[in-house]
Amino acid sequence: MSSATASSTSSMSQPRRGRSVIGKRRARSGIVMAAPAVILVLLVLGIPIFQALYYSMTDWNGITAHWIGPSTYLHEFQNPTFWRVLLNNALLLLAVPIAVMIPMGIAYLLNERVRGWQLFRSIYFLPTAISWVVIGMVALRFFAADGVLNHLLSAFGLGFIQTDMLSDQHQALIAVALTFIWSMVGTNTIIFLTGMATLDPSLAEAAKVDGAGAWKVLWHISLPQLKRFIQFATVLTLISAFTALFSLIFVMTGGGPGYGTTTLEFFVYQTAFSRGLFGTGAMLGIILFVIMAVVGLLQLRLLRTED
Amino acid sequence: MSGITVDELVPPESRQHAVTNTRRRRSPVKQILLFALMVLIAIVMLYPFYFMVDTSLKSNDQFLHGGGHSLESWTSLSKALPWGQQMVNSAIVSAAAIVIILVVSSLAGFSFAKLQFRMSGFVLMGVVAAMLIPVQSIIIPVYVNIAHLHLLNTYVGAVVVYAALGTPFATFLMTAYYRSIPDDVVEAGIVDGLSYSQVFRRIALPLSTPALITITVLQFIQIWDDLLVGLLFLQNPSQRTITVGLGALAAGRTTDIPVLMAGSIMSAIPAILVYLVFQRFLINGLTAGIGK
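Going line by line, the protein sequences match chains B and E. Counting from 14, one number per residue, gives the positions in the first sequence under the working numbering. Counting from 273, one number per residue, gives the positions in the second sequence under the working numbering.
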């Protein structure tokens, strides 16, 4: 994303031949060719976000809407369920560093070129191809009271920790987070492998010659070079945690028990399509959008200060 | 470098080099430990696949009370889940959406990269910024708009939504790709008397095949695996995509787990096949976002 913005500004500074006949012809072709994509995005993404903003201040039920005003937001901020849902999102944030660091470790090991590392890479990346719906269904059986997790625990002599995570208000979110971490492994590992392939080996060699140990090399030489990749993986993981878990939650817990696993994105769906409160749903969607936009801007800011 | 190289990010020679380099100086014990760790992680990652296959080969009774295998869940699968029809629905919807995405994003990418018109940089930024909009933020108005157009429960409605959701990233990728093609190539075509659309069709488009494949693979997996859009826009069981059919079956609290697993395997096969064949393109598309 950031690179697109950076490069788009550079293209604007390119010399223009606006006055020549060719230049005019070119501009006309340019507009005609860009139009379909622009119109499609505008109609299905651009305009609806403003519609959502408008309807968020009404009592819309999908058919009729009466204007209420920005007080709808204040009203929602007094709803304890809303804060419960946001808390779930905040707790999911805690899974993000783990979902980034484990793959970084795996990529580091793969980068050591163990025998068959290419096969391992393909295996680790494979879950990326399957749907959250499928992952959720298996996870449901894994965490169930008579499921695999409890079998494993008793097999290792830990039978006394028997859990029924999914029927516990607090533990259910942990089960969702663990599943989420598992399914981010492939994507993030690939990102870090790509990053490690760009490392300049001569720098590490030079440091070793100068007597730096493996950890020192990793900390002072390799990690700083990987900064961009760490950042990309973190942002991608965060965006996924907030906007890609709908299907997982839908299948695994349905948002429950209670509101135990209802995140903001799931709350949008529930509010609008289960309870018919389209206006409130639109408002929750806008709040989600604002959170994501802040994340996006922060990332741009970080990139800029580095450069 | 302003654009991204969508093709191989690392030259193969340097990889070879690294292989010989690191392997030589590791002790065998360390090697074995490392290998064992890799195998352990592989088991963790593959376990769900094993679980699906193993469970699907049991009857519900065998699953609940342990022991034995049968094909019962496979023979009764089509009763619970019209998977044949739903796979066809998935194929229709994803193919149509992908065609739209490819057409609009390659046209727009070429325009943004090579035919800068007034404010084109600004327009590109707007299109790419749409990537930041979460589906959930616009899905309610879109749902009502589509309903007003009487396109709910038609393929058209779902296809348009999927196409629009995929277009921003595809346009970003195509623009970056066309930027990596020298301007001279376009100029030469114009000097030879071609129009800009001819240059696009005859020269630029064929050159961008790898990027087009990357977009196709990414979008196929995205759309095939999606639940939310299909759930809202295709509500008739006969029109549902396979993932939605499966999601609905699971949410209906079906207690026949083996049947659900058999259905999961069916739904996952196409995406896994595409993954196995086009893995490299998928990785390229994923890492394209990092380009500097």
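All residues carry an ideal CB built from backbone N, CA and C; glycine is no exception.
To the nearest angstrom, report how far apart E/P300 and B/A227 are at their CA atoms.
On the second sequence, position 28 is the one that residue 300 of chain E refers to. On the first sequence, position 214 is the one that residue 227 of chain B refers to. Taking the straight line from one Cα to the other gives about 18 Å.
Counting pairs of Cβ atoms below 8 Å between the segment 367-380 of chain E and the segment 548-561 of chain E, do you hit three or more?
no
Where B/F63 falls, given that 16 or more other Cβ within 10 Å makes a residue buried
As a first step, residue 63 of chain B is located in the first sequence; it is residue number 50 there, counting from the start. By the neighbour-count rule (16 or more Cβ atoms within 10 Å), B/F63 is not buried but exposed.
For the segment 431-449 of chain E, enumerate the residues whose C-beta is nearer than 8 Å to any C-beta of chain B, in chain order.
V432, V433, A435, A436, L437, T439, P440, T443, F444, T447 and A448
8 Å CB neighbourhood of E/Q470 in its chain, flanking five on each side removed:
Looking up residue 470 of chain E in the second sequence gives position 198. The answer, listed in chain order, is G461.
Thinking B/T202 and B/F138 are a contact (beta carbons under 8 Å), I'd like their distance in whole angstroms, please.
As a position in the first sequence, residue 202 of chain B is number 189, starting the count at 1. As a position in the first sequence, residue 138 of chain B is number 125, starting the count at 1. Indeed they touch by this definition, with Cβ atoms about 7 Å apart.
Can you pull the chain E residues whose beta carbon is under 8 Å from the beta carbon of B/T85, in chain order?
Residue mapping note: residue 85 of chain B aligns to position 72 of the first sequence, counting from 1. What B/T85 touches in chain E: nothing, since even the nearest Cβ is about 14 Å away.
As assigned by DSSP and simplified to three states, the class of B/T293:
Residue 293 of chain B sits at position 280 when you count from the first residue of the first sequence. Of the three classes helix, strand and coil, the one that applies to B/T293 here is helix, per DSSP.
May I ask whether a heavy atom of the ligand SAH can be found less than 7 Å away from the beta carbon of E/G393?
This structure simply doesn't include the ligand SAH, nor any ligand for that matter.
Alpha carbons only, please: which of B/I234, B/R38 and B/L297 is nearest the one belonging to B/K221?
Sequence index remark: in the first sequence, residue 221 of chain B carries index 208 (1-based). Nearest option by C-alpha distance: B/I234.
Considering only residues of the same chain and omitting the five flanking positions on each side of B/L66, which have a CB-CB separation below 7 Å?
Sequence index remark: in the first sequence, residue 66 of chain B carries index 53 (1-based). Same-chain partners within the cutoff: I299.
Quick check on the DSSP output: the alpha helix (DSSP H) that includes B/K37 runs from which residue to which?
Start at 1 with the first residue of the first sequence, and residue 37 of chain B comes out as number 24. Start and end: V34 to V54.
Is any beta-carbon of chain E found at less than 8 Å from that of B/V222?
As a working mapping, residue 222 of chain B is identified with position 209 in the first sequence. Chain E, which has no Cβ nearer than 8 Å to the Cβ of B/V222, makes this no.
Spatial neighbours of E/L499 in its chain, beta-carbon cut-off 8 Å, leaving aside the 5 residues before and after:
Reading the second sequence from its first residue, position 227 is the one you call residue 499 of chain E. Cβ within range, chain order: T515, V516 and G519.
Proximity to E/K330 [Cα-Cα], best of E/H341, E/W496 and E/P509
As a first step, residue 330 of chain E is located in the second sequence; it is residue number 58 there, counting from the start. Of the listed residues, the one whose Cα sits closest to E/K330 is E/H341.
Comparing alpha-carbon positions, which option in B/V54, B/G289 and B/G271 lies nearest E/V407?
Taking the first residue of the second sequence as 1, we reach residue 407 of chain E at position 135. E/V407 has its Cα closest to that of B/V54, out of B/V54, B/G289 and B/G271.
Neighbourhood of E/Q551 by C-beta, 6 Å cutoff - its chain only, sequence neighbours within 5 removed
Position 279 of the second sequence, counting from 1, holds the residue named residue 551 of chain E. Taken in chain order, the list of residues that qualify is empty.
Any contact of the segment 390-397 of chain E with the segment 453-467 of chain E, i.e. 3+ C-beta pairs under 8 Å?
no
Whole runs of the alpha helix (DSSP H) within the segment 458-544 of chain E, excluding any shorter than 4 residues
468-471, 481-497, 500-505 and 514-523
Are the beta-carbon atoms of E/A369 and B/L58 separated by less than 8 Å?
Here residue 369 of chain E is taken as the residue at index 97 of the second sequence, counted from 1. Here residue 58 of chain B is taken as the residue at index 45 of the first sequence, counted from 1. No, these two residues do not count as a Cβ contact at 8 Å.
Report yes if the CB atom of B/L166 is closer than 8 Å to the CB atom of B/I174, and no otherwise.
Sequence index remark: in the first sequence, residue 166 of chain B carries index 153 (1-based). Sequence index remark: in the first sequence, residue 174 of chain B carries index 161 (1-based). Going by C-beta atoms, B/L166 is nearer than 8 Å to B/I174.
Does B/I35 pass the burial test, meaning 16 or more other C-beta atoms within 10 Å, or should it be called exposed?
Within the first sequence, residue 35 of chain B is the residue found at index 22, counting from 1. With fewer than 16 Cβ atoms within 10 Å of its Cβ, B/I35 is classed as exposed.
Rounded C-beta distance between E/N361 and E/Q511? I'm assuming under 8 Å.
For the purposes of this step, residue 361 of chain E is taken as the residue at position 89 of the second sequence. For the purposes of this step, residue 511 of chain E is taken as the residue at position 239 of the second sequence. Confirmed, Cβ separation roughly 6 Å.
With a threshold of 8 Å between beta carbons, is B/Q131 in contact with chain E?
Your numbering for residue 131 of chain B matches position 118 in the first sequence. False, the Cβ-Cβ gap to chain E never drops below 8 Å.
Assign B/W80 to one of three DSSP states: helix, strand, or coil.
In the first sequence, residue 80 of chain B corresponds to position 67, counting from 1. Strand at B/W80.
Please specify which runs of the alpha helix (DSSP H), each continuous and at least 4 residues long, are wholly inside the segment 179-221 of chain B, giving them in chain order.
184-210
Straight-line gap, B/Y121 to E/N332 (C-alpha atoms, nearest Å)
Along the first sequence, one-based indexing puts residue 121 of chain B at 108. Along the second sequence, one-based indexing puts residue 332 of chain E at 60. Cα to Cα, B/Y121 sits roughly 42 Å from E/N332.
Consider the Cβ of E/R295: report whether some Cβ of chain B lies at a distance smaller than 8 Å.
For the purposes of this step, residue 295 of chain E is taken as residue 23 along the second sequence, with counting starting at 1. Only weak support exists for where E/R295 lies, its pLDDT of 46 falling under 50; the value from the coordinates is given anyway. It does; some Cβ of chain B falls within 8 Å.
Going along the chain, which residues of the segment 288-303 of chain B sit with their C-beta nearer than 7 Å to a C-beta in chain E?
F291, G294, A295, G298, I299, L301 and F302
Between the segment 99-112 of chain B and the segment 440-454 of chain E, can you find at least three pairs of beta-carbon atoms closer than 8 Å?
no
Just to confirm my understanding: we take B/L216, look at its own chain, exclude 5 residues before and 5 after, and list those with CB closer than 7 Å. What are they?
The residue labelled residue 216 of chain B in the question sits at position 203 within the first sequence. Excluding sequence neighbours, B/L216 sits near I234.
Can you name the start and end residues of the alpha helix (DSSP H) that E/E344 belongs to?
For the purposes of this step, residue 344 of chain E is identified with residue 72 of the second sequence, where counting begins at 1. Counting along the chain, the alpha helix (DSSP H) containing E/E344 begins and ends at E344 to T347.
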